[in-house]
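J.:
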Amino acid sequence: MNITLVSGSTRKVRRSHRVALAVARQINALGHQASIIDLIELDLPTFVERFGNIEDATGRLAHAANAMRISDGLIFLTPEYNGAMSSGLKNFIDVFAKDAFDGKPIGVATVSVGASGGIRAAYQLQQTILSVLAYPIPRMLTVGNVEKVLDESGKVIDYKFQMKLDEFLDSYLGFVSKF
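For the sequence shown, the numbering used here assigns the number 146 to the initial residue and increments by one for each residue that follows.
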């Protein structure tokens, strides 16, 4: 399977990208293909127009749209900011909207430095996924105390988190295989 992850933080010092790296590494280790759309590299402008209405959309935006088009499934990763998903990820969803996500299975992974793992952002993100006519997987990956479970390169340093990641990906890949 071809899975595209969207790393949803635009901050220079970000912990959620560690999770994107860990998830991609694990998907590849399972024999699938994972790629990451990094919102820092995408340098997406603040929403003015939907992607489908942008004339001569080329470069990074076109590459991101194509990556999502050819993927079997997506995983959105976001830190929790004040009980919500990152504004960068919300902007990304608004720009690409239903054209990119319609009918796609989408996993949700959220991150916090505290114990909650970003659960409020996860619920919000699931509702947003439904509004763009996509299918959120019921099992979410919530990563609390991220600095204690992943190093800066996204390598798992906590065996309990590895089990949680394995369970999430088993459920997610099983869900995607039904499409």
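Glycine residues also receive a C-beta, built at the ideal position from the N, C-alpha and C atoms.
Would the segment 306 to 316 count as touching the segment 180 to 192 if we require 3 or more Cβ pairs under 8 Å?
T.: No, the segment 306 to 316 does not touch the segment 180 to 192.
J.: Considering only the alpha carbon of each residue, which of E292, L286, S298, M146 lies closest to M308?
T.: Cα-wise, what sits closest to M308 is L286.
J.: K293 to L150, Cα distance in whole Å?
T.: Cα to Cα, the separation comes out at about 22 Å.
J.: Quick one: grab the DSSP three-state call for G252.
T.: If DSSP states are grouped into helix, strand and coil, G252 belongs with the strands.
J.: What does T287 pair with, by DSSP beta-bridge criteria?
T.: The partner list for T287 (beta bridge, DSSP) reads T255.
J.: Within its chain, find whatever has a CB closer than 7 Å to the CB of R163; leave out the 5 residues flanking it on each side and keep chain order.
T.: If we look at R163 and ignore the five residues flanking it on each side, its Cβ neighbours are V291, L295, E297, G299.
J.: Here's a check: name, in chain order, each residue in its chain whose Cβ is nearer than 7 Å to the Cβ of I302, leaving out the five neighbours to either side.
T.: Same-chain partners within the cutoff: V294, L295, D296.
J.: Can you tell which of F324, G289, I148, S152 has the C-alpha that lies nearest to the C-alpha of F237?
T.: Nearest C-alpha to F237: S152.
J.: Q269 and A229 - do their beta-carbons sit closer together than 8 Å?
T.: Yes, the Cβ-Cβ distance between A229 and Q269 is below 8 Å.
J.: What does the alpha-carbon distance come out to for the pair S257 and N211?
T.: One C-alpha to the other measures close to 30 Å.
J.: Distance check for E225 and G263, CA to CA, integer angstroms please.
T.: Approximately 5 Å between the Cα atoms of the pair.
J.: Please list the terminal residues of the continuous beta strand (DSSP E) segment that includes I182.
T.: 178 to 183 is the span of the beta strand (DSSP E), which, as asked, contains I182.
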